[in-house]
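Novice:
Numbering (this note's numbering), first residue to last: 3 to 409.
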């Protein structure tokens, strides 16, 4: 059956099927990213789906074409979270049992959401690949029907329905940026995009710390990374899909790898400018915008998901503010005598700096009368304002040194 997938007929069939479980995610034009890149940038907000990600498309379509006997055996998959929720929700729609193996590092919110759809969750391994091996083992032991999160052409066909919606809404789209973990989304989107209009350029985006597809395409064969290290947990995959690889070789026009620090900044941009929560993997296509060396093109960034736990969100926001120079810490040495702290705070107030935290260390020097250390964590409007605050301290005879910020 798989060999019959990725055809226009099957994409049309899948598009009709997924309408039963998907919400309409109309393109959002981004004035902010358009102005910054010189292109017309649109966002495809799959983070707004009921399960918080596009994965429900492939999961539901796959389960819909299974036989009744295959569904009655029970379904099993491995996932870092989004495919897990997609399978759990789709299985619930068909009244089928679902067992989901998730890495032990999966954010609690994704685990709880998966359970809320009635699935049984097994936590195993540190990364997706280890969880997947365990899922295959349980499938063999219990006779479950395995639903691969990406290396399955039927699943990829379901994911590709996103391209159908993009082209219907924006027929003259020039570029589609698509996140890549194992490659299912990119396979479906690139295959359908080329069927609908061969001129559309589809660019895959991976985290630099888990760029298995980039390495594989360069090597000309499926290649396994020795390890992965990225905050984009949904795309932390060591080995891309072997069934998918030939299609990506044919249909993917380019691939971009972005660093974790770029995802942090992209998160802040999305929250402040579009009031949207997008998980780190879903931000890959946003972070990649500045790497596109084109102008005056219509570009769609697929926001693949928005399932992010509050603790991770808090950490990313803090790091984003630090990277944007909106929070920083300086160390100054001053005599240990009354009024010095008041004087320093007055200088900062004069230039509209906002003190967040003070740390006073009397033991930095043997002679406390000569010098004690004051570490000041400040809030600023950005890099220019940060330099103004530092210059004001220097003008008054202090020698501020930038130090690592720990909030």
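We treat Cβ as the ideally placed atom computed from N, Cα and C, and that holds for glycine.
Terminal residues of the continuous alpha helix (DSSP H) containing residue 197?
Specialist: Residue 197 -> alpha helix (DSSP H) spans 186-198.
Novice: So what does DSSP say about residue 252, is it helix, strand or coil?
Specialist: Three-state result, residue 252: helix.
Novice: Is the stretch 282-301 touching the stretch 339-349, taking contact as three or more C-beta pairs under 8 Å?
Specialist: Touching, no, given that fewer than three Cβ pairs across the two stretches are closer than 8 Å.
Novice: On the criterion of 16 or more Cβ atoms from any shown chain inside 10 Å, does residue 77 qualify as buried, or is it exposed?
Specialist: Classification of residue 77: buried, given that the 10 Å Cβ count is 16 or more.
Novice: Which term fits residue 192, buried or exposed, when burial requires 16 or more other beta carbons within 10 angstroms of its beta carbon?
Specialist: Buried: at least 16 other Cβ atoms inside 10 Å.
Novice: Could you work out which residue in 398, 178, 175 and 124 is closest to residue 353 when comparing CA atoms only?
Specialist: Selected option, being the one with the closest Cα: 398.
Novice: Does the Cβ of residue 28 have 16 or more other Cβ atoms within 10 Å, making it buried, or fewer, making it exposed?
Specialist: Answer is exposed; the Cβ neighbour count stays below 16.
Novice: Kindly indicate which three-state DSSP category residue 13 falls into: helix, strand or coil?
Specialist: Three-state DSSP puts residue 13 in a helix.
Novice: Below 8 Å on the Cβ atoms is my guess for residue 46 versus residue 302; work out the distance and round it to an integer in Å.
Specialist: Residue 46 to residue 302, Cβ: 6 Å. Contact.
Novice: Applying the 10 Å Cβ sphere with the 16-neighbour rule, what's the burial state of residue 264?
Specialist: That one is buried.
Novice: Can you have a look at residue 87 and say buried or exposed, based on whether 16 or more other CB atoms are within 10 angstroms of its CB?
Specialist: Under this definition residue 87 is a buried residue.
Novice: Which value, in whole angstroms, describes the spacing of the CA atoms of residue 34 and residue 281?
Specialist: Those two C-alpha atoms are separated by around 19 Å.
Novice: Short check: CB of residue 59 to CB of residue 160, under 8 Å?
Specialist: In this structure, residue 160 lies closer than 8 Å to residue 59 by Cβ.
Novice: Checking the sheet assignment: what are the DSSP bridge partners for residue 315?
Specialist: Residue 315 pairs with nothing; no bridge assigned.
Novice: Using only CA atoms, which one of 164, 197 and 150 lies nearest to residue 184?
Specialist: Ranking the options by Cα distance to residue 184, first place goes to 150.
Novice: In chain order, which continuous runs of the alpha helix (DSSP H) of length 4 or greater are located wholly inside the stretch 32-84?
Specialist: Segments of the alpha helix (DSSP H) lying fully in the stretch 32-84: 33-39, 58-67 and 70-74.
Novice: Would you call the CB atoms of residue 286 and residue 269 closer than 8 Å?
Specialist: No, Cβ-Cβ distance for residue 286 and residue 269 is not below 8 Å.
Novice: Specify the secondary structure class of residue 115 as computed by DSSP and reduced to three states.
Specialist: Helix.
Novice: Ignoring anything shorter than 4 residues, give me the alpha helix (DSSP H) runs that lie fully in the stretch 110-181, in order along the chain.
Specialist: Segments of the alpha helix (DSSP H) lying fully in the stretch 110-181: 110-118, 130-144, 155-161 and 163-171.
Novice: Please report the Cβ distance between residue 195 and residue 204, rounded to the nearest whole angstrom; I am assuming they are in contact, meaning their Cβ atoms lie under 8 Å.
Specialist: Yes, residue 195 and residue 204 are in contact; Cβ-Cβ is about 5 Å, under 8 Å.
Novice: Between the C-alpha atoms of residue 63 and residue 109, what's the straight-line distance to the nearest angstrom?
Specialist: When rounded, the distance between both Cα atoms is 26 Å.
Novice: Are there 16 or more other CB atoms within 10 angstroms of the CB of residue 363, so buried, or fewer, so exposed?
Specialist: With fewer than 16 other Cβ atoms within 10 Å, it is exposed.
Novice: Is it a yes or a no for the stretch 138-146 touching the stretch 163-177, going by three-plus beta-carbon pairs under 8 Å?
Specialist: With the cut-off at 8 Å, the stretch 138-146 and the stretch 163-177 do not touch.
Novice: Determine the closest residue to residue 99 out of 122, 114 and 81, with distance taken between C-alpha atoms.
Specialist: Minimum Cα distance to residue 99 is reached at 122.
Novice: Measuring straight from C-alpha to C-alpha, what distance separates residue 272 and residue 75?
Specialist: When rounded, the distance between both Cα atoms is 42 Å.
Novice: Go through its chain and collect everything with a Cβ distance to residue 226's Cβ below 6 Å, but skip five positions before and after it.
Specialist: The residues are 240 and 241.
Novice: Among the candidates 256, 278 and 152, whose CA atom is the shortest distance from the CA of residue 48?
Specialist: Per the Cα distances, 278.
Novice: Any chance you could list the alpha helix (DSSP H) runs of at least 4 consecutive residues sitting entirely within the stretch 210-276, in chain order?
Specialist: For the stretch 210-276, whole alpha helix (DSSP H) runs of length 4 or above, ordered along the chain, are 214-221, 247-253 and 262-276.
Novice: If I'm right that residue 332 touches residue 378 with Cβ under 8 Å, what's the distance once you round it to whole angstroms?
Specialist: Between residue 378 and residue 332 the Cβ distance is about 6 Å, and since that is below 8 Å, they are a contact.
Novice: With 16 as the cutoff for other CB atoms within 10 Å, does residue 31 come out buried or exposed?
Specialist: Result: exposed.
Novice: Taking just the CA atoms, how far does residue 384 sit from residue 10?
Specialist: Residue 10 and residue 384: Cα-Cα distance of roughly 49 Å.
Novice: If we count the other Cβ atoms within 10 Å of its Cβ and call it buried at 16 or more, is residue 105 buried or exposed?
Specialist: Result: buried.
Novice: Can you check DSSP and say which residues form a bridge with residue 363?
Specialist: Looking at the DSSP assignment, residue 363 forms a beta bridge with 375.
Novice: So within the stretch 289-336, which uninterrupted alpha helix (DSSP H) runs reach at least 4 residues, ignoring any that extend past its ends?
Specialist: Segments of the alpha helix (DSSP H) lying fully in the stretch 289-336: 312-325.
Novice: Distance check for residue 275 and residue 215, CA to CA, integer angstroms please.
Specialist: Going by the C-alpha atoms only, they are around 31 Å apart.
Novice: Would you report the Cα separation of residue 310 and residue 355, rounded to the nearest angstrom?
Specialist: Residue 310 and residue 355: Cα-Cα distance of roughly 32 Å.
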